[in-house]
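Number of protein chains: 2
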Amino acid sequence: MRGAVLYAPGDVRVEQRQDPRIEHPTDAVIRLAATCVCGSDLWPYRGVEPVNKPSPMGHEYVGVVEEVGGDVRLVKPGQFVVGSFFASDNTCEICRAGYQSSCVHREPVGALGAQAERLRVPLADGTLVATPEAPPEDLVPGLLAASDVLGTGWFGAVAAEVGPGRTVAVVGDGAVGLLGVLAARQLGAERIIAMSRHADRQKLALHYGATDIVTERGDEGVARIKDLTDGLGAHSVVEAVGTQESMMQAIRATRPGGHVGYVGVAHGVELPGTELFYSHVHLHGGPAPVRRFLPELIDLILERRIDPGLVFDLELPLDQAAEGYRAMDERRAVKTLLRP
Amino acid sequence: MRGAVLYAPGDVRVEQRQDPRIEHPTDAVIRLAATCVCGSDLWPYRGVEPVNKPSPMGHEYVGVVEEVGGDVRLVKPGQFVVGSFFASDNTCEICRAGYQSSCVHREPVGALGAQAERLRVPLADGTLVATPEAPPEDLVPGLLAASDVLGTGWFGAVAAEVGPGRTVAVVGDGAVGLLGVLAARQLGAERIIAMSRHADRQKLALHYGATDIVTERGDEGVARIKDLTDGLGAHSVVEAVGTQESMMQAIRATRPGGHVGYVGVAHGVELPGTELFYSHVHLHGGPAPVRRFLPELIDLILERRIDPGLVFDLELPLDQAAEGYRAMDERRAVKTLLRP
Numbered sequence: 001m002r003g004a005v006l007y008a009p010g011d012v013r014v015e016q017r018q019d020p021r022i023e024h025p026t027d028a029v030i031r032l033a034a035t036c037v038c039g040s041d042l043w044p045y046r047g048v049e050p051v052n053k054p055s056p057m058g059h060e061y062v063g064v065v066e067e068v069g070g071d072v073r074l075v076k077p078g079q080f081v082v083g084s085f086f087a088s089d090n091t092c093e094i095c096r097a098g099y100q101s102s103c104v105h106r107e108p109v110g111a112l113g114a115q116a117e118r119l120r121v122p123l124a125d126g127t128l129v130a131t132p133e134a135p136p137e138d139l140v141p142g143l144l145a146a147s148d149v150l151g152t153g154w155f156g157a158v159a160a161e162v163g164p165g166r167t168v169a170v171v172g173d174g175a176v177g178l179l180g181v182l183a184a185r186q187l188g189a190e191r192i193i194a195m196s197r198h199a200d201r202q203k204l205a206l207h208y209g210a211t212d213i214v215t216e217r218g219d220e221g222v223a224r225i226k227d228l229t230d231g232l233g234a235h236s237v238v239e240a241v242g243t244q245e246s247m248m249q250a251i252r253a254t255r256p257g258g259h260v261g262y263v264g265v266a267h268g269v270e271l272p273g274t275e276l277f278y279s280h281v282h283l284h285g286g287p288a289p290v291r292r293f294l295p296e297l298i299d300l301i302l303e304r305r306i307d308p309g310l311v312f313d314l315e316l317p318l319d320q321a322a323e324g325y326r327a328m329d330e331r332r333a334v335k336t337l338l339r340p
Numbered sequence: 001m002r003g004a005v006l007y008a009p010g011d012v013r014v015e016q017r018q019d020p021r022i023e024h025p026t027d028a029v030i031r032l033a034a035t036c037v038c039g040s041d042l043w044p045y046r047g048v049e050p051v052n053k054p055s056p057m058g059h060e061y062v063g064v065v066e067e068v069g070g071d072v073r074l075v076k077p078g079q080f081v082v083g084s085f086f087a088s089d090n091t092c093e094i095c096r097a098g099y100q101s102s103c104v105h106r107e108p109v110g111a112l113g114a115q116a117e118r119l120r121v122p123l124a125d126g127t128l129v130a131t132p133e134a135p136p137e138d139l140v141p142g143l144l145a146a147s148d149v150l151g152t153g154w155f156g157a158v159a160a161e162v163g164p165g166r167t168v169a170v171v172g173d174g175a176v177g178l179l180g181v182l183a184a185r186q187l188g189a190e191r192i193i194a195m196s197r198h199a200d201r202q203k204l205a206l207h208y209g210a211t212d213i214v215t216e217r218g219d220e221g222v223a224r225i226k227d228l229t230d231g232l233g234a235h236s237v238v239e240a241v242g243t244q245e246s247m248m249q250a251i252r253a254t255r256p257g258g259h260v261g262y263v264g265v266a267h268g269v270e271l272p273g274t275e276l277f278y279s280h281v282h283l284h285g286g287p288a289p290v291r292r293f294l295p296e297l298i299d300l301i302l303e304r305r306i307d308p309g310l311v312f313d314l315e316l317p318l319d320q321a322a323e324g325y326r327a328m329d330e331r332r333a334v335k336t337l338l339r340p
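These protein sequences, in sequence, are chains A and B. In terms of full-length UniProt numbering, the first sequence opens at residue 1 and continues consecutively. In terms of full-length UniProt numbering, the second sequence opens at residue 1 and continues consecutively.
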């Protein structure tokens with residue numbers, strides 16, 4: 001089969017890869033209907049994370065089950081399924097508490113390379129959620145978004161304790177930040193401040209329910225949030241970038257007793273203990289337990305109550321994955337969908 | 001009046017200080033029944049925090065109201081009152097959310113020096129809680145503990161989301177950690193692991209409801225907590241020290257999705273963003289909003305359902321404050337009560 005492989009920073013190639021097969025009785029093999037490029041794929045693409053060897057890429061996927069191992073009970077060949085970027089058994093104590101991305105048996109799907117024609121999914125019964133029937137073609141991008149960026153933005157909002165009456169700020173206007181706005185709206189936030197300086201992303205943020213746009217960053221951005229909240233800061237802040245600046249912006253924009261939900265994969269972040277102590281914020285986040293939210297998110301998408309697929313503003317055949325990475329790296333695209 | 005003043009690290013003197021008086025119409029002046037030395041007083045005493053000028057010391061206090069300003073409505077001369085280390089209006093939006101120690105009008109009582117015969121308390125109506133009548137003498141130490149260390153340990157347990165069915169670990173066996181154990185028991189924890197290597201403190205921890213004692217620290221301590229929790233870590237960890245080692249010990253001893261409540265005043269702490277991200281813990285803490293808990297804690301003490309006063313294992317006249325500091329610095333005492 002064909003699949004995307006990162007050879008070095010900036011060097012993504014689509015080439016022939018070995019066909020996946022059932023390796024463990026809990027595996028499934030799926031044929032991908034769609035896959036995509038994640039903001040986190042840009043970390044190694046940009047050389048911020050080392051690339052030590054040619055690495056299959058991709059961890060977002062929807063598709064049709066082709067084959068299952070002998071111990072798979074819930075997932076059946078022919079079903080359309082949505083997965084997430086950590087395989088999880090969904091039965092251990094950590095999974096049952098809603099932290100499937102820290103499952104005691106978790107396996108990163110990214111290492112298997114979902115930007116490909118087919119994918120082996122470990123722990124299929126715990127990891128995959130099937131739709132009641134094959135979804136209409138136009139909903140496939142939304143279901144694909146649920147596989148990571150929607151689930152991640154949603155977790156950011158849940159971790160930030162978004163709810164009715166709350167003022168929410170979202171730091172980061174990538175796909176996760178934009179879907180954090182969508183999640184905040186769905187979770188009943190009263191006011192949603194999107195921090196963005198890009199006209200097209202501001203537009204989508206407003207479409208998803210943002211009530212205010214703040215273009216300033218860093219301390220100026222914090223000052224604007226304070227201005228908008230009687231000097232107190234937001235109740236809830238979703239951090240969807242992962243840098244030192246964005247984390248500090250999120251913490252400082254949150255009122256004492258408020259909540260920061262951080263889902264940007266941290267890179268080079270060191271949190272100063274004394275400032276954090278006196279900030280009085282709640283801090284929670286990490287790799288989103290997308291599996292916790294998948295059933296609900298899939299329903300919302302199939303009922304056409306949310307349209308997370310709008311974050312895909314570039315669609316390419318899998319063979320043009322390199323251009324898909326380039327477009328995101330150069331910020332010409334928010335998110336690239338790839339058709340195998 | 002006489003009061004304790006820190007001149008330099010290790011140099012505490014009890015000397016004549018100016019008598020406090022009503023300066024603002026929201027002030028009260030109280031005559032102290034008891035005051036004490038806090039673990040956090042040891043930071044400047046040990047030179048970890050700079051001592052730039054002679055500084056009145058102390059921020060824990062109970063006593064009888066002598067005089068109130070013209071705007072004070074709730075607190076009356078003659079009442080026995082308990083306060084906390086930040087004065088707060090108890091009416092602003094932050095106070096109403098339960099974060100009185102971040103009140104928009106907060107004032108640190110420590111700057112006024114509660115290790116003294118009398119004390120001016122700003123924002124008296126918001127800060128002070130009166131007992132229904134003068135308490136029996138033997139309950140005064142417990143009420144004094146409520147002023148900080150009990151309220152702080154309690155906040156640590158609340159911030160760590162302690163509750164029925166939970167396994168709780170407490171890092172730090174000072175007065176705050178010991179009262180964190182007491183709080184965990186009151187809040188219904190199923191299992192309470194006290195981390196302590198001092199026999200007398202272990203004994204008090206067990207008295208307060210600890211079910212297990214772990215003497216190891218750092219990574220070894222974390223490994224012991226994992227051993228005791230099926231390899232997962234505690235649901236809730238109370239951090240009551242404030243060093244890099246204790247914070248990392250707390251974070252690493254907490255299971256994914258679990259909660260760290262940190263109340264040790266952070267000194268030199270830098271939290272590594274990537275480890276925090278993948279830890280999946282909830283982090284909350286800071287200066288305890290003791291005022292939130294005072295009414296409930298006072299009731300528990302007056303009903304003799306808890307005895308937080310046991311943390312005072314040394315009682316001295318105010319004039320011997322220097323010996324009180326020394327005994328705590330040398331770990332001969334957990335906590336020193338001073339009688340003005």
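The beta-carbon is built from N, C-alpha and C at its ideal position, and this holds for glycine as well.
Leu316(A): member of the beta strand (DSSP E) spanning 314 to 317, first to last residue. Within the segment 247 to 278 of chain A, contact with chain B at the beta-carbon level (separation under 8 Å) is assigned to Met247, Arg255, Pro256, Gly257, Tyr262, Val265, Ala266, His267, Gly268, Val269, Glu270, Leu271, Pro272, Gly273, Thr274, Leu276, Phe277, Tyr278.
DSSP places Met195(B) in the uninterrupted beta strand (DSSP E) bounded by 191 to 195.
For the C-beta of His280(A), the chain B residues within less than 7 Å are, from N- to C-terminus, Tyr99, Ser102, Gly286. Leu337(A) sits close to Ala34(A), with the two beta carbons spaced by under 8 Å. For Val222(B) and Val269(A), the gap between their C-alpha atoms comes out near 23 Å. Taking each of Leu302(B), Asp227(B), Ala4(B), Val263(B) in turn and checking the Cα distance to Val290(B), the smallest one comes out for Val263(B). For the pair His259(B) and Trp43(B), the CB atoms are not nearer than the 8 Å cut-off. Between the alpha carbons of His59(A) and Ala175(B) lies a distance of about 48 Å.
Glu66(B) has a beta carbon lying at 8 Å or more from every beta carbon in chain A. Of all residues in the UniProt domain "Alcohol dehydrogenase-like N-terminal" (25 to 124) of chain B, the ones placed with a Cβ closer than 7 Å to any Cβ belonging to chain A are Glu93, Ile94, Ala97, Gly98, Tyr99, Ser102, in chain order.
Cβ neighbours of Arg31(A) within its own chain (closer than 6 Å, five residues either side excluded): Gly63, Val64, Glu66, Arg118. Setting aside the 5 residues that flank it on each side, Ile306(B) is surrounded in the same chain by Leu182, Gln186, Leu300, each with a C-beta closer than 7 Å to its C-beta; the list follows chain order.
DSSP places Pro25(A) in the coil class of the three-state scheme, outside both helix and strand. A residue is called buried once 16 or more other Cβ atoms fall within 10 Å of its Cβ, and Val171(A) is buried on that count. The shortest C-alpha to C-alpha distance from Gly113(A) to any of Ala210(A), Ala327(A), Glu15(A) is the one to Glu15(A). Taking Leu74(A) as the centre and dropping the five residues before and after it, the same chain places the C-beta of Asp125 closer than 6 Å to its C-beta, in chain order.
Apart from sequence neighbours up to five positions away, the residues of its chain that approach Tyr45(B) with a beta-carbon distance below 8 Å are Leu6, Pro9, Gly10, Val12, Tyr325, Asp329, ordered along the chain. Non-local beta-carbon contacts of Ile193(A) in its own chain, meaning distances under 8 Å to residues more than five positions away in sequence, involve Thr167, Val168, Ala169, Val170, Ala210, Thr211, Asp212, Ile213, Val214, Ile225, Leu228, Ala234 in chain order. Cβ contact annotation for Val334(A) (same chain, cutoff 6 Å, sequence separation greater than five): Ala175, Val311, Asp313, in chain order. Here DSSP, grouped into helix, strand and coil, assigns Ala114(A) to coil.
Residue Leu150(B) holds the alpha-carbon nearest to the alpha-carbon of Leu179(B) among Leu150(B), Arg191(B), Gly165(B).
The beta-carbon of Leu232(B) is placed less than 8 Å from the nearest beta-carbon of chain A. Identification of residues in the segment 283 to 309 of chain B having a C-beta nearer than 9 Å to some C-beta of chain A yields Leu283, His284, Gly285, Gly286, Pro287, Pro289, given in sequence order. CA-to-CA, the gap between Pro56(B) and Ala4(B) works out to about 6 Å.
For the pair of segments examined, the segment 281 to 295 of chain A was found to touch the segment 155 to 163 of chain A: the number of CB pairs separated by less than 8 Å reaches three. If you draw a straight line from the Cα of Val51(B) to the Cα of Ala111(B), it comes to about 13 Å. Between Ser84(A) and Cys95(A), the CB-CB gap reaches or exceeds 8 Å. DSSP, read as helix, strand or coil, puts Thr127(B) in helix.
With fewer than 16 other beta carbons inside 10 angstroms of its own, Asp138(A) counts as exposed. Between Phe277(B) and Gly286(A), the C-beta spacing is below 8 Å. A straight line joining the alpha-carbon of Ala97(A) with that of Gly177(A) spans about 25 Å. Contact between Ser236(A) and Val281(A) is absent: CB atoms are separated by about 10 Å, not below the 8 Å threshold. At a Cβ-Cβ threshold of 8 Å, Arg255(B) and Leu271(B) do not count as neighbours. In this structure, the straight-line span from the alpha carbon of Pro136(A) to that of Asp148(A) is close to 20 Å.
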